[in-house]
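Have a look at the structure below, then the notes.
Residue numbers (the UniProt record's numbering), protein chains in the order written: chain A, 1 to 250; chain B, 1 to 53.
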């Protein structure tokens, strides 16, 4: 806008040097209206940039961080291969979640579900309000994890692709834990902490067992409700020297 | 507002355009690096956990 005004000034300068071009001062109301308009445009551009930030840039950052942390965990495992198994290292992450139906490769699982953890593009297992039971303990209980639906890696973006019978595989240093989805709750209140309990009754289970619970927000791009998927342990496979994945992942 | 900035930038139209571009990039950088990360937790888009808060 200003550029064209400048150019026309220059051209008028050349074509008619006399009289000197005098810009007519806009009235006060016109100035106010134009400033208001520019502010509106600015707000619009800012909101657009925020969308770009949340849906694209946070993914770039989170994937980079998750990749680095995952490499560290893999390196760690490789070094520990010779030493005696059993020592549980939870600092960088406890293992990887593989969900073929979500079609997003492996998701590192770390401790905690705070934004500082989840914003690194990983899944976190619950410590609050209900403590998740880790599969390597071998105890009955619920391995409850959460991850972002959009932005920050969006690791559970395709959670709605999961159907009953789909495999969820959790990989640790020594074992593959193969779960099968048996129940899906497409929408629940964010206060519904019952879904995390060691026997999640809402999924139809009454007896203790080895369960896994995936939670994220729904509908996409909002956090109004929670989406919950439950799975039950089918079998545990030992990791071999080549880390051959179980048949569900091949 | 933007007209005022344009008129107060030094140089000819090309220099002004270049400076404007640098200014825009600087603003975007500050927004992505500092402002949006600060604003995001205040907005209800990315809570994924169930809790009793």
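All C-beta atoms, glycine included, are put in the ideal place defined by N, C-alpha and C.
Report the neighbours of residue i on chain A: residues whose CB is nearer than 7 Å to its CB, in chain order.
i: residue 15 of chain B; result: In chain order: nothing, as chain A lies at least about 12 Å away.
Going along chain A, which residues have a C-beta under 8 Å from residue i?
i: residue 41 of chain B; result: 115
i: residue 28 of chain B; result: 49
How would you list, in chain order, the residues of chain B whose beta-carbon sits under 7 Å from the beta-carbon of residue i?
i: residue 30 of chain A; result: Going along chain B, no residue has its Cβ under 7 Å from residue 30 of chain A, so there is no contact; the nearest lies around 12 Å.
i: residue 226 of chain A; result: 50
Among the residues of its own chain, which have a CB less than 8 Å from the CB of residue i, if the five just before and after it don't count?
i: residue 220 of chain A; result: 149, 150 and 157
i: residue 117 of chain A; result: 110, 111 and 124
Using a beta-carbon distance below 7 Å, is residue i in contact with chain B?
i: residue 129 of chain A; result: yes
i: residue 57 of chain A; result: yes
i: residue 233 of chain A; result: no
i: residue 8 of chain A; result: The predicted position of residue 8 of chain A is uncertain, since its pLDDT is 44 and thus under 50; a value taken from the coordinates is nonetheless stated next. Cβ-Cβ to chain B under 7 Å: no for residue 8 of chain A.
i: residue 50 of chain A; result: yes
i: residue 154 of chain A; result: no
i: residue 177 of chain A; result: no
i: residue 122 of chain A; result: no
i: residue 125 of chain A; result: no
i: residue 70 of chain A; result: no
i: residue 35 of chain A; result: yes
i: residue 146 of chain A; result: yes
i: residue 205 of chain A; result: no
i: residue 211 of chain A; result: no
i: residue 111 of chain A; result: no
i: residue 190 of chain A; result: yes
i: residue 53 of chain A; result: yes
i: residue 230 of chain A; result: no
i: residue 15 of chain A; result: Confidence at residue 15 of chain A is low in this model, with a pLDDT of 48, below 50, so its placement is unreliable and the value that follows should be read with caution. Answer no: the Cβ-Cβ gap between residue 15 of chain A and chain B never drops below 7 Å.
In terms of alpha-carbon separation, which member of the options lies closest to residue i?
i: residue 197 of chain A; options: A:108, A:138 and A:130; result: A:130
i: residue 173 of chain A; options: A:127, A:51, A:195 and A:75; result: A:75
i: residue 101 of chain A; options: A:140, A:161, A:217 and A:51; result: A:161
i: residue 188 of chain A; options: A:51, A:223 and A:142; result: A:223
i: residue 124 of chain A; options: A:214, A:243, A:240 and A:29; result: A:214
i: residue 53 of chain A; options: B:39, B:10, B:5 and B:47; result: B:39
i: residue 122 of chain A; options: A:104, A:134 and A:137; result: A:104
i: residue 2 of chain B; options: A:70, A:155, A:36 and A:234; result: A:36
i: residue 241 of chain A; options: A:77, A:195, A:47 and A:33; result: A:77
i: residue 248 of chain A; options: A:199, A:201 and A:180; result: A:180
i: residue 43 of chain B; options: A:51, A:98 and A:147; result: A:51
i: residue 60 of chain A; options: B:32, B:16 and B:47; result: B:32
i: residue 49 of chain A; options: B:6, B:29 and B:51; result: B:29
i: residue 135 of chain A; options: A:33, A:31 and A:211; result: A:211
Give me, in chain order, the residues of the same chain whose beta-carbon lies closer than 7 Å to that of residue i; leave out the 5 immediate sequence neighbours on both sides.
i: residue 246 of chain A; result: 169, 176, 178 and 237
i: residue 208 of chain A; result: 140, 198 and 199
i: residue 287 of chain A; result: Chain A is shown from 1 up to 250; residue 287 of chain A falls before or after that span and cannot be answered.
i: residue 63 of chain A; result: 121 and 153
Given that residue i touches chain B, what residues does it touch there, using C-beta distances under 8 Å?
i: residue 196 of chain A; result: 50
i: residue 222 of chain A; result: 44 and 45
Tell me the DSSP secondary structure of residue i in three-state form.
i: residue 214 of chain A; result: strand
i: residue 94 of chain A; result: coil
i: residue 239 of chain A; result: coil
i: residue 209 of chain A; result: coil
i: residue 186 of chain A; result: strand
i: residue 139 of chain A; result: coil
i: residue 68 of chain A; result: helix
i: residue 32 of chain A; result: helix
i: residue 150 of chain A; result: coil
i: residue 229 of chain A; result: strand
i: residue 114 of chain A; result: coil
i: residue 167 of chain A; result: strand
i: residue 124 of chain A; result: strand
i: residue 181 of chain A; result: strand
i: residue 297 of chain A; result: Outside the displayed span of chain A (1 to 250) sits residue 297 of chain A, for which this structure offers no information.
Quick check on residue i - is its C-beta less than 7 Å from some C-beta in chain A?
i: residue 59 of chain B; result: Given that chain B is displayed from residue 1 to residue 53, the structure contains no residue 59 of chain B and the question cannot be resolved.
i: residue 9 of chain B; result: no
i: residue 31 of chain B; result: yes
i: residue 23 of chain B; result: no
Cβ of residue i less than 7 Å from any chain D Cβ?
i: residue 44 of chain B; result: Included in the structure are the protein chains A and B, with no chain D among them.
Among the residues of its own chain, which have a CB less than 6 Å from the CB of residue i, if the five just before and after it don't count?
i: residue 94 of chain A; result: 109
i: residue 7 of chain A; result: Reliability fails at residue 7 of chain A, whose pLDDT of 45 lies under 50, so the model's placement of it is uncertain and the value that follows must be treated cautiously. Taken in chain order, the list of residues that qualify is empty.
i: residue 184 of chain A; result: 229
i: residue 190 of chain A; result: 226
i: residue 231 of chain A; result: 168, 179, 180, 181 and 212
i: residue 127 of chain A; result: 112
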